[in-house]
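A.B. asks: Residue numbers (this note's numbering): 3 to 117. Take a look at this one; I'll ask things after.
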């Protein structure tokens, strides 16, 4: 029997979230992302770009912008291209309920910059 390396812990949210809502915990945010299909394109460790950007990098790009939450909620709702290279973001509304999209965005905005 061979020993496996321990799994890397998910990124911990930064103390000050740049959003209007209360950010879900790492566990709740990861569970929402998994159930919504986000990990098909985004790194489940929130640190590196796969197809879509690392969520920590998204948080860093929008951190401190007063309309960050509104921009990202709309982006997740409608999808599109051109925000982060040529990757295509599919629309998640109405498949994912509005309140879950808002929680996901609050969670993303709470993540620290990827190391």
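Beta carbons are placed, not taken as given, at the ideal position from N, Cα and C, and that holds for glycine.
Just to confirm my understanding: we take residue 41, look at its own chain, exclude 5 residues before and 5 after, and list those with CB closer than 7 Å. What are they?
C.D. replies: Counting from 1 along the chain shown, the entry for residue 41 is found at position 39. Counting only Cβ-Cβ distances below 7 Å, and skipping sequence neighbours, we find 35.
A.B. asks: Check this for me: beta carbons of residue 28 and residue 71, under 7 Å apart or not?
C.D. replies: For the purposes of this step, residue 28 is taken as residue 26 along the chain shown, with counting starting at 1. For the purposes of this step, residue 71 is taken as residue 69 along the chain shown, with counting starting at 1. Contact flag unset, no.
A.B. asks: Determine the closest residue to residue 96 out of 26, 54 and 75, with distance taken between C-alpha atoms.
C.D. replies: In the chain shown, residue 96 corresponds to position 94, counting from 1. That would be 75, whose Cα lies nearest to the Cα of residue 96.
A.B. asks: Who are the Cβ neighbours of residue 92 in its own chain at under 7 Å, not counting the five residues just before and after it?
C.D. replies: Here residue 92 refers to the residue found at position 90 of the chain shown. Within the same chain, residue 92 has close Cβ partners 81.
A.B. asks: Nearest by alpha-carbon distance to residue 57: which of 68, 84, 25 and 45 is it?
C.D. replies: Position 55 of the chain shown, counted from the first residue, corresponds to residue 57. For residue 57, the nearest C-alpha among the options comes from 45.
A.B. asks: Which residue's Cα is closest to the Cα of residue 112: 98, 61, 51 and 43?
C.D. replies: On the chain shown, position 110 is the one that residue 112 refers to. For the residues 98, 61, 51 and 43, the minimum Cα distance to residue 112 belongs to 61.
A.B. asks: Work out the CA separation of residue 110 and residue 64 for me, nearest whole Å.
C.D. replies: Along the chain shown, one-based indexing puts residue 64 at 62. Along the chain shown, one-based indexing puts residue 110 at 108. Answer to the nearest angstrom: the Cα atoms are 10 Å apart.
A.B. asks: Taking residue 57 as part of the alpha helix (DSSP H), name the residues at either end of that continuous run.
C.D. replies: As a position in the chain shown, residue 57 is number 55, starting the count at 1. Start and end: 57 to 64.
A.B. asks: Is the beta carbon of residue 89 closer than 7 Å to that of residue 53?
C.D. replies: Along the chain shown, read from residue 1 onward, the residue named residue 53 stands at position 51. Along the chain shown, read from residue 1 onward, the residue named residue 89 stands at position 87. In contact: residue 53 and residue 89 (Cβ atoms closer than 7 Å).
A.B. asks: Look at residue 105 and residue 26 and say whether their C-beta atoms are less than 7 Å apart.
C.D. replies: Indexing the chain shown from 1 puts residue 105 at position 103. Indexing the chain shown from 1 puts residue 26 at position 24. A contact, by the Cβ cut-off of 7 Å.
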